[in-house]
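Order-wise, the sequence lines are chains A and B.
Going left to right, the first sequence walks through residues 1 to 180 as our numbering numbers them.
Going left to right, the second sequence walks through residues 181 to 447 as our numbering numbers them.
Note that the Cβ used here is the ideal one computed from N, Cα and C, for glycine as well.
Structure, as structure tokens:
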Amino acid sequence: MIFFFVLLLLVLIAQIAEFFIPALPWLYNAHVYIVPVIVFYGAMALPFPLMLSLALFAGVLLDALTVQVIGGKVEISAGSSILIYGVLAGLMHGLRPLFARGRWEVHCVLSGVFTSLIVLAQYLMITFRRGSFVFNREVWWQVAGPGLVAMAMAPIVFWFLQWIGRVTAYSYQPERGRIE
Amino acid sequence: MSRTNIIALLIFGAILGYFLTFGPTTTQKFKTGVYQLLAPFFTGGSGLKKQLTSVRSGLKSLDQLEHENANLQVENRELRATNQGLRDAENEVNRLRHALNYRERSVFKLIAAEIVARDSSTWWRTVTINRGRRDGIEIDMPVATDEGLIGKITTVSDSISVVLLISDENCRVAAKVEGSREQGIVSGERVTTGLTPLLNLNFLSKQADLKPGQKVYTSGVGGVFPSGLLIGSVKTFRVRELDGQAQVTPVVDLSHLEDVFVVTGRK
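Next up, the structure:
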């Protein structure tokens with residue numbers, strides 16, 4: 001349980017830290033997203049109910065800090081990030097047995113792919129609201145860039161979180177009908 | 181699926197459903213509330229970032245000094261570091277004096293603010309400033325520097341506010357072009373990859389024939405932005421099927437903002 005609260009705290013810190021990390025000019029100004037990597041790690045490491053709680057917390061934060069209300073209109077409904085995180089974290093949770101056996105490579109790659117999917121989903125939603133469907137090379141790079149960065153970061157973040165798990169004496173064994 | 185998991189899924193669904201029912205007003209309140217809670221982290225984070233940047237630049241100059249002057253005494257290095265610190269302080273004093281002068285000579289009533297955080301998302305271009313409701317900031321107030329317009333306020337908490345930059349596609353500004361009767365709407369582009377984003381001035385007449393370098397100002401139409409704030413200068417002009425469109429280079433370097441002013445009205 002301590003590990004779960006540590007993950008919540010790390011999500012909060014990472015979400016705020018993202019505001020102070022500049023975009024990468026050499027990668028089409030791709031932004032660095034740390035929160036999804038932590039959430040997807042939590043999806044593999046935590047039991048189902050706690051995984052949903054973590055996804056809910058990250059989604060609420062993302063909605064609150066990024067959604068813009070302009071001229072009385074909301075571009076992306078509050079809750080949409082919760083839904084996206086919930087679905088993607090649920091998919092990642094399905095790969096938990098592989099993770100429990102110590103195989104991380106698929107999860108690292110998927111963390112990148114899913115991070116890009118979050119950015120893509122946001123883009124599709126704003127495109128739907130604003131109209132004029134634009135899909136050029138820049139858009140693809142802005143979608144793929146954060147995913148590539150997340151993919152590169154994932155092994156380090158996973159290793160760090162694994163270490164925190166050990167420090168907090170967290171057991172990674174899949175649950176058998178109980179939370180802890 | 182176990183009973184615990186089903187209950188967890190139902191609770192998750194219920195909370196999700198609750199959030200999805202939020203209208204614009206509730207969403208704004210929710211956003212404001214979260215910003216209010218996180219305001220100390222933003223202001224604290226901004227201070228920490230400044231300290232880290234200062235330490236990093238200090239180390240850089242130390243490396244250079246070591247490389248160039250291997251035989252210098254430790255005392256000499258300390259003196260140079262102190263000197264560097266004083267120069268930084270002098271630069272800051274000059275910057276603030278410049279800002280203060282602008283506030284005094286401006287025809288607008290201005291509230292000085294500092295950028296504490298930049299946008300963290302890919303598709304919206306915003307910055308967070310260290311002024312809020314307590315300082316008299318309200319939604320839709322224009323934000324400018326001594327060079328020109330940078331955006332408008334979209335979210336206000338007690339101590340911090342979010343500014344939507346003019347480089348965002350959603351920030352639309354009624355504008356006029358210097359030396360012509362042309363008026364149009366300036367807005368940003370959805371996707372920008374360069375460090376200096378370009379703006380689009382739409383709905384011009386086809387006969388506008390604007391020349392590069394012509395200045396673009398706010399026209400005051402719409403009531404959000406007062407007239408006479410410089411936005412940028414025309415880069416190119418092209419005739420489209422129904423109207424004319426100019427690309428405008430913003431006068432303010434939006435990637436290096438530090439001190440800004442919130443325009444609260446005219447003097």
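Closest Cα partner of residue i within the set the options
i	options	result
Thr429 (chain B)	B:Ile291, B:Thr372 and B:Phe405	B:Thr372
Ser132 (chain A)	B:Met321, B:Glu369 and B:Ser301	B:Glu369
Phe40 (chain A)	A:Ser111, A:Leu52 and A:Leu65	A:Ser111
Ile317 (chain B)	B:Ile291, B:Gly331 and B:Thr306	B:Ile291
Leu89 (chain A)	B:Glu246, B:Leu189 and B:Gly402	The question names Leu, but residue 89 (chain A) in the sequence shown is Ala. The shortest Cα separation from Ala89 (chain A) among B:Glu246, B:Leu189 and B:Gly402 belongs to B:Leu189.
Leu378 (chain B)	B:Lys386, B:Ser341 and B:Val432	B:Val432
Arg446 (chain B)	B:Ser337, B:Val366, B:Phe210 and B:Val404	B:Val404
Val442 (chain B)	B:Phe192, B:Gln387, B:Asp326 and B:Thr416	B:Asp326
Leu27 (chain A)	A:Phe5, A:Trp140 and A:Phe160	A:Trp140
Gly224 (chain B)	B:Thr308, B:Pro406 and B:Phe202	B:Thr308
Lys230 (chain B)	A:Gly42, A:Ala45, A:Ile21 and A:Leu61	A:Ile21
Asp389 (chain B)	B:Ser367, B:Gln363, B:Ile191 and B:Ala194	B:Gln363
Arg101 (chain A)	A:Pro155, A:Met44 and A:Asn29	A:Met44
Pro155 (chain A)	A:Trp104, A:Ile164, A:Val67 and A:Gly147	A:Trp104
Pro406 (chain B)	B:Val353, B:Pro204, B:Ile346 and B:Gly412	B:Val353
Pro47 (chain A)	B:Thr212, B:Asn249 and B:Ser182	B:Ser182
Phe383 (chain B)	B:Ala355, B:Gln394, B:Gly408 and B:Thr335	B:Ala355
Ser367 (chain B)	B:Asn380, B:Gln253, B:Arg298 and B:Lys332	B:Asn380
Ala219 (chain B)	B:Phe192, B:Asp338, B:Gly393 and B:Lys209	B:Asp338
Lys73 (chain A)	B:Asp439, B:Asn350, B:Glu358 and B:Leu280	B:Asn350
With 16 other Cβ atoms within 10 Å as the buried cut-off, status of residue i
i	result
Gly328 (chain B)	buried
Trp304 (chain B)	buried
Leu9 (chain A)	exposed
Gln142 (chain A)	buried
Gly79 (chain A)	buried
Thr207 (chain B)	buried
Glu180 (chain A)	Summary for Glu180 (chain A): the model assigns pLDDT 40, below 50, so the residue's position carries little reliability, and this model does not support an answer.
Gly86 (chain A)	buried
Glu75 (chain A)	buried
Val167 (chain A)	exposed
Met151 (chain A)	buried
Asn29 (chain A)	buried
Ala194 (chain B)	exposed
Met321 (chain B)	buried
Ser171 (chain A)	exposed
Arg96 (chain A)	buried
Gly147 (chain A)	buried
Proximity test, Cβ basis, 8 Å: residue i and chain B
i	result
Thr115 (chain A)	no
Pro49 (chain A)	yes
Phe19 (chain A)	yes
Gly86 (chain A)	yes
Glu180 (chain A)	A caution first: Glu180 (chain A) carries a pLDDT of 40, below 50, which makes its placement in the model too unreliable to give a value.
Pro146 (chain A)	yes
Leu46 (chain A)	no
Leu7 (chain A)	no
Ile16 (chain A)	yes
Val11 (chain A)	no
Ile34 (chain A)	no
Gly78 (chain A)	According to the sequence as given, residue 78 (chain A) is Ala; it is not Gly. By this cut-off, Ala78 (chain A) is an interface position.
Ile38 (chain A)	no
Ala89 (chain A)	no
8 Å Cβ cutoff, residue i in contact with chain A
i	result
Ala297 (chain B)	yes
Thr207 (chain B)	yes
Leu196 (chain B)	yes
Gly225 (chain B)	yes
Pro171 (chain B)	Any question about residue 171 (chain B) goes unanswered here, given that chain B covers just 181 to 447.
Glu349 (chain B)	yes
Leu437 (chain B)	no
Thr466 (chain B)	This structure leaves residue 466 (chain B) out entirely; chain B is present only between 181 and 447.
Phe210 (chain B)	yes
Arg405 (chain B)	Sequence inspection shows Phe at residue 405 (chain B); the Arg mentioned does not correspond to that position. Cβ-Cβ to chain A under 8 Å: no for Phe405 (chain B).
Asn382 (chain B)	no
Ala188 (chain B)	yes
Leu200 (chain B)	yes
Leu344 (chain B)	yes
Lys229 (chain B)	yes
Leu379 (chain B)	no
Thr184 (chain B)	yes
Thr302 (chain B)	yes
Bridge partners - residue i, DSSP secondary structure assignment
i	result
Ala152 (chain A)	Ala152 (chain A) is not bridged to any residue.
Asp439 (chain B)	B:Glu294
Lys356 (chain B)	B:Gln363 and B:Tyr397
Ala426 (chain B)	B:Leu381 and B:Phe417
Gly445 (chain B)	B:Lys289
Leu24 (chain A)	A:Ala30
Contacts of residue i in chain E (Cβ-Cβ under 9 Å)
i	result
Arg130 (chain A)	No chain E appears in the structure shown, which is made up of the protein chains A and B.
task = Would you list, in sequence order, the uninterrupted beta strand (DSSP E) runs of no fewer than 3 residues that lie entirely inside the stretch 286–349 of chain B?
result = Qualifying beta strand (DSSP E) stretches, in chain order: 288–298, 306–309, 322–324, 329–336 and 341–345.
query = Going along the chain, which unbroken runs of the alpha helix (DSSP H) with 4 or more residues stay wholly within the stretch 26–99 of chain A?
reply = 35–45, 48–66 and 80–93
Whole alpha helix (DSSP H) elements within the stretch 99–172 of chain A, 4-residue minimum = 105–130 and 137–167
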